Each structure stands twice: as structure tokens, then as C-alpha cells.
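*Asks:* What follows is a structure written as C-alpha cells; I'll ask about it next.
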């Protein structure tokens with residue numbers, strides 16, 4: 014069992030604020046790091062797949078960075094909107110085996 | 018949802034009864050996965066399949082079995098359901114590098 018940690022566990026921000034959260038994962042046997050967005054009563058939806066150290070991905074107001082040497086990834090949301098309210102999951106994908114290892118998620122609530 | 022459906026979507030059953038959950042995919046993905054989601058634990062892998070009749074255990078496989086007789090279907094069976102198996106079950110399909118999730122099945126064991 015590999016340890017994937019996300020922080021903070023939950024976050025409340027005002028509409029328009031920018032925010033970020035962290036995913037920590039093992040720095041060895043790295044293959045990929047995934048970010049998912051998970052809205053209540055829906056299924057997780059893939060945001061980013063990151064494979065290279067120093068990678069930065071962007072989709073609209075959401076971006077993510079990756080540091081495989083120290084084992085962390087940041088997810089940033091610029092100018093948060095109420096529709097950004099969701100749980101954001103990261104999943105570590107090692108180069109051994111066929112499994113993903115999920116963190117427990119960061120629950121984001123954006124207050125109008 | 019990438020062509021992934023789960024049935025049933027909700028089920029209430031009693032302790033000791035067998036339960037089978039079905040995952041169906043239309044994208045011909047080789048890999049399929051069953052996870053359970055519980056508060057404070059995120060998604061935990063129960064079993065996965067890397068091809069027809071090829072399956073392997075995940076982190077929380079005790080009390081569960083799986084079968085995959087066709088590429089498109091992956092069944093999860095609780096041989097004798099217990100209250101600790103009350104959870105939301107998610108199926109996923111894809112590759113070792115990318116997974117797409119189904120809508121989930123909420124199972125309550127009384």
C-alpha cells in the first residue's frame with residue numbers, strides 16, 4: 014500500500030479568491046500523477062495526467078504542477094467560482110503494477 | 018462517463034445475503050477496476066482485471082470476488098454481505114495510465 018496524502022482536507026473560499034492544494038506521493042517508481050474533480054453525486058472526472066518532472070498543465074482557471082523528485086503536485090484554481098465547488102482527488106500511478114493509489118481528496122467550497 | 022454504466026445504482030440488502038454488482042463498458046478497455054469509497058478513505062481498490070478471465074486483488078479485497086467473462090462486463094460479488102461493506106462502489110475502465118469512472122452504486126447492508 015502506497016501513501017498518497019492530500020492537504021488540506023477541506024477548504025472554504027470566497028468567490029473570486031485563488032486557492033491551491035497539495036498532493037504528496039512516493040518519489041520512487043513514479044509513472045504518472047492524476048488529478049480528478051469529483052462533484053457530489055457524480056463520478057470522478059479526469060482533469061490532468063502529469064508524467065514529467067516540472068510539468069505544468071492548465072485547463073481554464075485550473076492549473077497543476079509536478080515535482081517528481083520531491084514527490085508533490087500542486088493544484089491551483091484562479092478566481093474561484095461557486096461551480097468549482099467539488100472534491101479534488103489526486104492519484105499516484107507507479108511504474109510497477111497496474112494500480113492507482115488515491116488520496117482522500119480536498120473538498121473545496123466556494124462561497125458566493 | 019466514457020461509456021461506463023453500473024447496475025444497480027442503489028441496493029439495500031440484509032447481512033448474509035449474496036450481492037452482485039455489474040459494471041459494463043462500451044469502449045473495449047482492457048483494464049477494469051472496482052473501488053469502494055468511504056468517508057476518510059477516499060477511493061480504495063478492491064479488485065481489478067487486466068483482461069478476460071485475468072483478475073488481481075487490490076488493497077481491500079477480503080470478502081469480495083470478481084469475474085470477467087467478457088471484455089465489456091466486470092462483476093463484483095459479495096458472497097455474504099456484512100454491514101462493513103455498506104459503501105459506494107465505483108467501477109472504472111481504461112488503461113494503467115488512464116481511468117474513466119462509472120456513476121457509482123450505493124450499497125446498504127442492514
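Chains as they are written, first to last, in this note's numbering: chain A, 14 to 125; chain B, 18 to 127. Where a beta carbon is used, it is the ideal one built from N, C-alpha and C, also for glycine. In this text the structure is predicted, and so the values were computed from the model without any measurement.
#1: Going along chain B in order, which residues have a C-beta closer than 8 Å to the C-beta of residue 102 (chain A)?
#2: For the structure I just gave you, are there three or more beta carbon pairs, one from the segment 98–116 of chain A and one from the segment 78–90 of chain B, closer than 8 Å?
#3: Taking Cβ-Cβ distances shorter than 8 Å, what residues in chain A pair up with residue 107 (chain B)?
#4: Would you say residue 123 (chain A) faces chain B, with C-beta separation under 8 Å as the test?
#5: Under 8 Å between the Cβ atoms of residue 41 (chain A) and residue 120 (chain A)?
#6: Mind listing the chain A neighbours of residue 65 (chain B)? Cutoff is C-beta to C-beta under 9 Å, in chain order.
#7: Suppose contacts are defined by Cβ-Cβ distances below 8 Å. Is residue 124 (chain A) in contact with residue 27 (chain A) by that definition?
#8: Could you tell me the alpha carbon to alpha carbon distance between residue 113 (chain A) and residue 107 (chain A), rounded to whole angstroms?
#9: Does DSSP put residue 44 (chain B) in a helix, a strand or coil?
#10: On the three-state DSSP scale, how would you describe residue 71 (chain B)?
#11: Would residue 117 (chain A) pass as an interface residue toward chain B - the criterion being a Cβ-Cβ separation below 8 Å?
#12: Using C-beta distances below 7 Å, list every residue in its chain close to residue 66 (chain A), excluding the 5 sequence neighbours before and after it, in chain order.
#13: How many Å lie between residue 94 (chain A) and residue 58 (chain A) at the Cα?
#14: What does DSSP give as the partner residue(s) for residue 31 (chain A) in the beta ladder?
#15: Does any residue of chain A bring its CB to less than 8 Å from the CB of residue 116 (chain B)?
#16: With a threshold of 16 other CB atoms inside 10 Å of the CB of residue 18 (chain B), please say whether the residue is buried or exposed.
#17: Starting from residue 107 (chain A), follow the beta strand (DSSP E) in both directions and report where the run begins and ends.
#18: Considering only the alpha carbon of each residue, which of A:105, A:90, A:74, A:111 lies closest to residue 62 (chain A)?
#19: Could you name the residues of the same chain whose beta carbon sits closer than 8 Å to that of residue 78 (chain B), not counting the 5 residues immediately before and after it, in chain order?
#20: Based on Cα-Cα distance, which residue from B:119, B:127, B:46, B:57 lies nearest to residue 54 (chain A)?
#21: Output, in sequence order along the chain, the residues in the segment 28–48 of chain A whose CB is closer than 9 Å to any CB in chain E.
*Replies:* Based on what the coordinates show:
#1: 59, 60
#2: no
#3: 56, 57
#4: no
#5: no
#6: 111, 112
#7: yes
#8: 7 Å
#9: coil
#10: strand
#11: yes
#12: 79, 80, 81, 82
#13: 18 Å
#14: Note: residue 31 (chain A) sits in no beta bridge, so no partner.
#15: yes
#16: Unreliable positioning characterises residue 18 (chain B) in this predicted model, as indicated by a pLDDT of 48, which lies under 50. A coordinate reading is not provided.
#17: 99–107
#18: A:105
#19: 63, 64
#20: B:119
#21: This model lacks chain E altogether; the protein chains it does include are A and B.
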